[in-house]
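Here the sequence shown is numbered in full-length UniProt numbering, starting from 1 and rising by one per residue. Where is the CB? At the ideal position from N, CA and C, for every residue including glycine. Being a predicted model, the structure only gives us computed values, none of them experimental.
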Amino acid sequence: MNWYAVKAIYRFEMARTFRTLGESIISPVLTTSLYFIVFGAAIGARMGEVGGVSYGAFIIPGLIMLSLLNESISNAAFGIYMPKWAGTIFELLSAPVGWGEAVLGYVGAAASKSVMLGLLILVTARFFVDYEIAHPLAMILFLLLTAVSFSLFGFIIGLWATDFQKLQVIPLMVMTPLTFLGGAFYSIDMLPPVWQKIALLNPVVYLISGFRWSFFGRSDVNVVVSFAAICGFLALCLLAVWWIFRTGWRLKS
């Protein structure tokens, strides 16, 4: 394992983040703050409690997950697509760097950015609502697994994309609707019985439910199922990346 290569790619990607601090960190935090103001303060005052938890606190896991999923995919996809677009990917291909080192560097940096963003949103939430984390270790575990899994997914999208429009198709047209319909702002127990069953077909339900359990000790689905779902998705993404490189799909423009 060429750890120097991993470190170089990781540091380059993290440096790009801090060069564009406004777009990478500040903008998502401000957007989430608006959600807290609109949903937590304005609507939450009329909603009361959901499952014994104030509505403002109830939406915290959903808002973190909303940002985490989109940012993980976007960061990883953009990170690997830009060298393809600019033509600098050939420097990486000609260097003594294996596909494993490239994946570790790009995905590790994207996951690090997403975890930083998630923690910043968690700190920001304290300014709007009081909350307690019932299972902090489980919360960190879900945060890390989700960030790594969806950064891998974003890396695959970056390999697949042939233009900038394709980079935004999955985050905007797939992940955002699934997150909104996955219980980010409500419990699926509030839905009619038929829609509860339909909602369980949405994989994001299991991510948000497990993450919410780590905060409040309650969830819409069994936490073991949620944990298995995110581990299964991580395994699928790892298998997909391995298959892409084993079958000769190179990092080319």
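Asked, Found
"Local conformation of Phe227 per DSSP, three classes", "helix"
"Cβ-based burial, Ser27 [other Cβ within 10 Å; buried from 16]", "exposed"
"Contact set for Phe153: own chain, Cβ-Cβ below 7 angstroms, skip 5 residues either direction", "Ile73 and Cys237"
"Outcome for Met65 when other beta-carbon atoms lying within 10 angstroms are tallied against a minimum of 16", "buried"
"Rounded Cβ spacing between Glu184 and Gly52 (contact assumed at less than 8 angstroms)", "Residue 184 is actually Ala in this sequence, not Glu. That belief does not hold up - the Cβ atoms of Ala184 and Gly52 are roughly 19 angstroms apart, past 8 angstroms."
"Cβ-based neighbour list, Phe150, same chain, cut-off 6 angstroms, excluding 5 preceding and 5 following", "Leu69, Ser72 and Ile73"
"Cβ neighbour criterion (16 or more within 10 Å) applied to Asp163", "exposed"
"Boundaries of the alpha helix (DSSP H) in which Ala134 is found, first to last residue", "Premise fails: Ala134 is in no alpha helix (DSSP H) and is neither H nor E."
"Helix, strand or coil at Val50 [DSSP, three-state]", "strand"
"As assigned by DSSP and simplified to three states, the class of Met173", "helix"
"Separation of Ala134 from residue 312, as counted between CA atoms", "A question about residue 312 goes unanswered here, because the residues of the chain that appear run from 1 up to 253."
"Proximity to Tyr131 [Cα-Cα], best of Tyr55, Leu167 and Val97", "Tyr55"
"Three-way DSSP call (helix, strand, coil) for Phe127 in this model", "coil"
"Distance between Gly182 and Leu144 (C-alpha atoms, nearest Å)", "20 angstroms"
"Helix, strand or coil at Val221 according to DSSP, with G and I counted as helix", "coil"
"Member of Tyr206, Gly158, Tyr10 and Val29 whose CA lies at the smallest distance from the CA of Ile230", "Tyr206"
"Rounded straight-line distance, which links the Cα of Gln165 to that of Thr17", "21 angstroms"
"Distance between Ala161 and Phe245 (C-alpha atoms, nearest Å)", "16 angstroms"
"Thr146, buried or exposed, once every other Cβ within 10 Å from all chains shown has been counted against 16", "buried"
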